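In my numbering, the protein residues as written are 4 to 250.
See the structure below:
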């Protein structure tokens, strides 16, 4: 099974279990796990668990309480500090990629301030990355008006700072711009899941409308690939399907 060590699974679908239980289940199917460092899987509490498994790791930064585009400078700085501390943990456990959301705003009246905050934060992340071994990858977001980085034109800003790009194919599909993202290329990390094009359903790959033959052909060879499903059964179905369409 040549894809066993290359298509990983996110722990996002196993948040009802301990990190140890989640990694044990994932390790039966693949050699790559992405840890959503939030809630019961927070690496600020579960770092030692990672050493118990012979796995490659990527990490998804917390999503619940942080916002790198916060117009509140105290909160923005706190968010950057959390990410800096998480980067140190990632280096200690040999993480390959750290995925970060690009932030959001709470209303149009603060969009300008939030954009300026985002610019400061990605500059801070670039500085953090210079001191780290893990590569930081900023993820494109789905069809939510409050979110930043929904279009490919943000990629040039990341490239100018030396930051990586995490392509979420499901998010790009609901925004109707998956093909422009694939044509641009440059992703160092990819989230794989499917949807009908109407909302971010996180379906098993092959059960929605995304052309995964095209996706798998276009993904850069060195990119880490992780399925981000709603359930572990969807990961198992995705893995079987992706093996059938992989070039």
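The beta-carbon is built from N, C-alpha and C at its ideal position, and this holds for glycine as well. This one's a predicted model, so the numbers in the text were calculated from it and none came from an experiment.
- Around the beta carbon of residue 223, fewer than 16 other beta carbons sit within 10 angstroms, so the residue counts as exposed.
- For residue 154, no beta strand (DSSP E) segment is defined, and its DSSP state is neither H nor E.
- DSSP, read as helix, strand or coil, puts residue 38 in strand.
- Each of 145, 162, 36, 191 was checked against the Cα of residue 181, and the nearest Cα belongs to 145.
- Excluding sequence positions up to five before and after residue 203, its CB lies within less than 8 Å of the CB of 145, 146, 173, 174, 177, all in the same chain and listed in chain order.
- If the five residues before and after residue 96 are omitted, its C-beta is found closer than 8 Å to the C-beta atoms of 46, 50, 53, 54, 60, all from its own chain and listed in chain order.
- Taking C-beta separations shorter than 8 Å and ignoring five residues to either side along the sequence, the partners of residue 213 in its chain run 172, 173, 176, 181, 197, 198, following chain order.
- Our two residues, residue 187 and residue 193, have alpha carbons roughly 14 Å apart in a direct line.
- Annotation for residue 126: the continuous alpha helix (DSSP H) segment containing it runs 114-133.
- In the structure shown, residue 140 falls within a strand segment according to DSSP collapsed to helix, strand and coil.
- The beta carbon of residue 185 is closer than 6 Å to those of 221 in its chain, skipping five residues each way along the sequence.
- The alpha-carbon of residue 200 is positioned some 20 Å away from that of residue 248.
- If you draw a 10 Å sphere on the C-beta of residue 234, you find fewer than 16 other C-beta atoms in it, and that means exposed.
- One alpha carbon belongs to residue 162, the other to residue 128, and they sit about 13 Å apart.
- Under a 10 Å Cβ-count criterion, residue 120 is classified as buried, with 16 or more other Cβ atoms of the shown protein chains found around its own Cβ.
- Within the same chain, Cβ atoms closer than 7 Å to the Cβ of residue 15 are found at 39, 231, the five residues on either side in sequence being excluded.
- When DSSP states are grouped into helix, strand and coil, residue 174 belongs to the helix group.
- Listed as beta-bridge partners of residue 44 by DSSP are no residues whatsoever.
- Here the alpha carbons of residue 30 and residue 57 stand approximately 8 Å from one another.
- A straight line joining the alpha-carbon of residue 22 with that of residue 68 spans about 20 Å.
- Excluding five sequence positions before and after residue 132, the CB atoms of its chain that fall closer than 6 Å to its own CB belong to 139, given in chain order.
- Secondary structure of residue 80 (DSSP, three-state): helix.
- Counting only residues of its own chain and dropping the five nearest sequence neighbours on each side, residue 11 has a CB closer than 6 Å to the CB of 33, 35, 36, 37, 229.
- Closest in C-alpha terms to residue 151, from the list 48, 134, 165, 111, comes 111.
- Cα atoms of residue 159 and residue 63: separation of roughly 22 Å, rounded to the nearest angstrom.
- For residue 12, the enclosing beta strand (DSSP E) covers residues 10-13.
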